[in-house]
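Undergrad: Pasting a structure here, questions to come.
2 protein chains.
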Amino acid sequence: MSTRKEHKGGYQTTYFDGDTVETGKGERGPRVRRVPSGDSVERLVCPECNFINYENPLMVVGAVVTFGDKFLLCKRSIEPRAGFWTIPAGYMELHETPLDGAKREAVEEANAAIEIDALLAIYTIPRISQVQMIYRASLPEPHFSPGPESTDVGLFSWDEIPWQEIAFPTVHWALNHFQEVRGQSAFAPFTNPEGATGTL
Amino acid sequence: MSTRKEHKGGYQTTYFDGDTVETGKGERGPRVRRVPSGDSVERLVCPECNFINYENPLMVVGAVVTFGDKFLLCKRSIEPRAGFWTIPAGYMELHETPLDGAKREAVEEANAAIEIDALLAIYTIPRISQVQMIYRASLPEPHFSPGPESTDVGLFSWDEIPWQEIAFPTVHWALNHFQEVRGQSAFAPFTNPEGATGTL
């Protein structure tokens with residue numbers, strides 16, 4: 001999945017589904033926490049220019065993609081979890097729909113033109129303020145290759161999935177939830193497994 | 001629905017589901033568009049301190065709330081659409097789940113303790129980079145009153161709904177989608193009506 005650096009104003013980098021790395025508290029820029037006029041929540045404000053750094057939850061969009069009875073997985077070329085396998089997914093961009101975002105990520109990570117047929121699950125990871133919208137999709141043709149964020153892309157039957165080398169808990173959840181509704185045309189989307197918060 | 005000002009770094013205010021107001025391009029703060037090192041998309045950067053203002057889609061969470069065969073609606077006290085009726089909904093905050101956010105908004109706007117049973121719809125308004133997750137909920141007791149963002153709160157039968165005074169297109173969509181699956185226990189969540197983009 002995507003590792004575009006996020007989003008705390010250049011002072012802290014929170015990777016997708018995972019680690020947080022301090023990139024250096026600057027001596028300039030938004031660095032003072034206060035409640036702006038007319039607001040009720042503390043925000044990070046720049047004391048020089050009064051720029052307000054609003055922070056909001058981030059949306060991840062992705063898909064469990066199948067070709068026949070096989071699953072499309074991508075081996076990550078980048079941290080976090082470089083060398084581990086994931087479904088194509090990443091941060092939703094401005095001015096796109098979740099569906100368009102999930103299709104874009106499949107192109108970026110696997111050069112795969114996918115067809116989406118249902119919303120499989122919405123996972124939420126409050127610790128990192130992330131909501132993941134994961135779709136059920138298929139690959140009309142077995143055409144794919146590694147994109148810039150992948151070193152390898154492959155199709156795996158259920159028994160061939162490298163379960164010990166899966167990048168993120170949500171990938172486990174999504175693959176298992178897919179199996180539960182395989183062949184069903186209408187279903188309510190799944191949420192986090194009971195008690196699971198996505199902590200790595 | 002919420003009108004917390006959003007989120008373009010203090011330079012532009014995009015109201016929920018609606019209007020954009022320029023609040024003044026400053027001579028300081030993030031104001032230069034450039035592609036940061038290691039990135040592929042132009043961001044608004046502060047030329048003094050190199051602060052990067054990442055912008056991402058915003059999530060709105062809310063609910064169609066019923067008590068018996070009646071719908072809970074709130075009359076907005078604030079712009080945009082002051083004096084018009086809405087379902088309780090607003091921006092999701094950091095470190096909450098979509099469910100918790102929808103419950104919080106019902107408290108804030110209608111002092112209503114709701115019970116959520118299903119995801120009704122996901123609407124997307126790419127023009128303003130907004131995704132709305134609207135749930136189906138009920139009010140166990142008919143206890144409610146106007147919160148700070150409402151001048152009035154009421155229960156309306158379907159025929160009593162003030163259709164000419166509904167605040168936003170997505171409120172129309174949500175109420176109609178609710179009716180389509182009334183009494184159904186499992187269904188796939190709706191998306192935008194065919195061709196509808198949420199433009200006011």
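Those sequence lines, one after another, are chains H and R.
Numbering follows UniProt numbering, in which position 145 of the first sequence is assigned residue number 145; successive positions increment by one, without gaps.
Numbering follows UniProt numbering, in which position 36 of the second sequence is assigned residue number 36; successive positions increment by one, without gaps.
Where a beta carbon is used, it is the ideal one built from N, C-alpha and C, also for glycine.
Gly-29(H) touches chain R at which residues, Cβ-Cβ below 7 Å?
TA: Cys-46, Cys-49 and Phe-51
Undergrad: Could you check if Asn-176(H) is buried or exposed, using at least 16 other CB atoms within 10 Å of its CB as the buried criterion?
TA: exposed
Undergrad: Hey, which unbroken runs of the beta strand (DSSP E) at 3 residues or more fall wholly within the stretch 92-145 of chain R?
TA: 115-125 and 130-138
Undergrad: Find the residues of chain H that neighbour Tyr-91(R), judging by a C-beta separation of less than 8 Å, and give them in chain order.
TA: Asn-56
Undergrad: Alpha carbon to alpha carbon, how far is Val-41(R) from Arg-34(R)?
TA: 8 Å
Undergrad: Does any CB atom of chain R fall closer than 7 Å to the CB of Gln-184(H)?
TA: no
Undergrad: Kindly say whether Thr-66(H), judged by its beta-carbon, lies nearer than 7 Å to any beta-carbon of chain R.
TA: no
Undergrad: Check whether the Cβ atoms of Pro-98(R) and Met-133(R) lie closer than 7 Å to each other.
TA: yes
Undergrad: Just grab the DSSP bridge partners of Asp-152(H) for me.
TA: Lys-75(H)
Undergrad: List the endpoints of the continuous alpha helix (DSSP H) containing Thr-197(R).
TA: Neither: Thr-197(R) is in no alpha helix (DSSP H) and is coded neither H nor E.
Undergrad: Can you name the residues that DSSP bridges to Arg-33(H)?
TA: Leu-44(H)
Undergrad: Please check if any C-beta of chain H sits within less than 7 Å of the C-beta of Leu-72(R).
TA: no
Undergrad: Identify the continuous beta strand (DSSP E) that holds Ala-67(R) and give its terminal residues.
TA: The residue you asked about is not Ala; residue 67(R) is Phe in the sequence shown. Per DSSP, Phe-67(R) belongs to the beta strand (DSSP E) from 58-67.
Undergrad: Would you mind sorting Ala-137(H) into buried or exposed? The rule is 16 or more other CB atoms within 10 Å of its CB.
TA: buried
Undergrad: Please list, in chain order, the chain H residues whose beta carbon lies closer than 9 Å to that of His-95(R).
TA: Pro-57, Pro-126, Arg-127, Ile-128 and Ser-129
Undergrad: Can you tell me whether Thr-151(H) is buried or exposed, with buried defined as 16 or more other CB within 10 angstroms of its CB?
TA: exposed
Undergrad: At 9 Å on the CB atoms, spell out the chain B contacts of Phe-190(H), in chain order.
TA: Among the chains of the structure shown, chain B does not appear; the protein chains present are H and R.
Undergrad: Using 8 Å as the Cβ pair cut-off and three pairs as the minimum, do the stretch 154-165 of chain R and the stretch 69-87 of chain R touch?
TA: yes
Undergrad: Under a Cβ-count criterion, where at least 16 other Cβ atoms within 10 Å of its own Cβ denotes burial, should Glu-115(R) be classed as buried or exposed?
TA: exposed
Undergrad: Which residue from Val-153(H), Tyr-91(H), Tyr-54(H) and Glu-149(H) puts its Cα closest to that of Leu-73(H)?
TA: The candidate whose alpha carbon is nearest that of Leu-73(H) is Val-153(H).
Undergrad: Using CA atoms only, rank isn't needed, just tell me which of Pro-189(H), Lys-70(H) and Val-61(H) is closest to Leu-119(R).
TA: Pro-189(H)
Undergrad: Could you check if Asp-159(R) belongs to the surroundings of the ligand GDP, using beta carbon to heavy atom distance under 6 Å?
TA: Absence of the ligand GDP from the depicted structure is noted, as is the absence of any ligand whatsoever, leaving it without description.
Undergrad: May I ask you to report which of helix, strand or coil DSSP gives Ala-186(R)?
TA: coil
Undergrad: For Arg-28(H), collect the residues of the same chain with a Cβ closer than 6 Å to its Cβ; drop the 5 residues on either side in sequence, then sort them by chain order.
TA: none
Undergrad: How about Phe-187(R) and Leu-139(R): do their beta carbons lie closer than 7 Å?
TA: No. Outside cutoff.
Undergrad: Using the three-state DSSP reduction, which class does Ala-89(R) fall into: helix, strand or coil?
TA: strand
Undergrad: Mind listing the chain H neighbours of Leu-119(R)? Cutoff is C-beta to C-beta under 9 Å, in chain order.
TA: Leu-119, Ile-122, Ala-188, Pro-189 and Thr-191
Undergrad: To which residues does DSSP link Ile-52(H) through a beta bridge?
TA: Val-45(H)
Undergrad: Whole angstroms is fine: what's the gap from Ile-166(R)'s alpha carbon to Phe-71(R)'s?
TA: 13 Å
Undergrad: With a CB to CB cut of under 8 Å and the five nearest residues on each side skipped, what residues in its chain are close to Pro-57(R)?
TA: Ser-129, Gln-130 and Val-131
Undergrad: What does a CB cutoff of less than 7 Å around Ala-174(H) pick up in its chain, not counting 5 residues either side in sequence?
TA: Val-64, Ile-87, Leu-120, Ala-121 and Ile-134
Undergrad: Taking Cβ to Cβ, would you say residue 231(H) is nearer than 7 Å to Glu-180(H)?
TA: Within the shown structure, residues of chain H are numbered from 1 to 200, placing residue 231(H) beyond reach of any answer.
Undergrad: With 16 as the cutoff for other CB atoms within 10 Å, does Glu-149(H) come out buried or exposed?
TA: buried
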